[in-house]
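Undergrad:
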Amino acid sequence: MSASALLLVVSTASGLALPGWSVVLLVITAVVGSVGFVWWERRSRCPVIDLTLLRHKATASGLFAAMLGYLVLFGRWCWCPRWAVPPCTPGWC
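For the sequence shown, the numbering used here assigns the number 20 to the initial residue and increments by one for each residue that follows.
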């Protein structure tokens, strides 16, 4: 749920028309969902994701580099169509 809310916020930055109050609500949902997930995983006897793995510098930097790589490779699919399409003409939008 928090990942979906965060993706909607990013989509708003790229041109999705949403009211300002809904963007604030989505950011709050993403933060509360993420904090709740971390809290739940730390309390759990058998967590889904072992968060102690992120304490290792090699693992954390590798995951961060992978995230940046995916952003570079697949992020352009979101931005390039915006530049390729001519501006809207009346009657077509």
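By construction, the Cβ of each residue, glycine as well, lies at the ideal position given by its N, Cα and C atoms. All figures in this text were calculated on a predicted structure; none of them were measured in a lab.
In terms of residue numbering, what span does the alpha helix (DSSP H) encompassing I47 cover?
TA: As a working note, residue 47 is residue 28 in the sequence shown. Segment G39 to R62, the alpha helix (DSSP H) holding I47.
Undergrad: According to DSSP, is L73 part of a helix, a strand, or is it coil?
TA: Taking the first residue of the sequence shown as position 1, residue 73 is located at position 54. Reduced to three states, the DSSP call for L73 is helix.
Undergrad: Does DSSP classify S90 as helix, strand or coil?
TA: Translated into the one-based positions of the sequence shown, residue 90 becomes position 71. Note on identity: in this sequence residue 90 is Leu, with Ser being the wrong assignment. The answer is helix: DSSP assigns L90 an H, G or I state.
Undergrad: Label A85 either buried or exposed according to how many other C-beta atoms from any shown protein chain fall within 10 Å of its C-beta, with 16 as the threshold for buried.
TA: Translated into the one-based positions of the sequence shown, residue 85 becomes position 66. That one is exposed.
Undergrad: Specify whether the segment 23-30 and the segment 49-59 touch according to this definition: at least 3 beta carbon pairs, one from each stretch, less than 8 Å apart.
TA: The segment 23-30 vs the segment 49-59: in contact.
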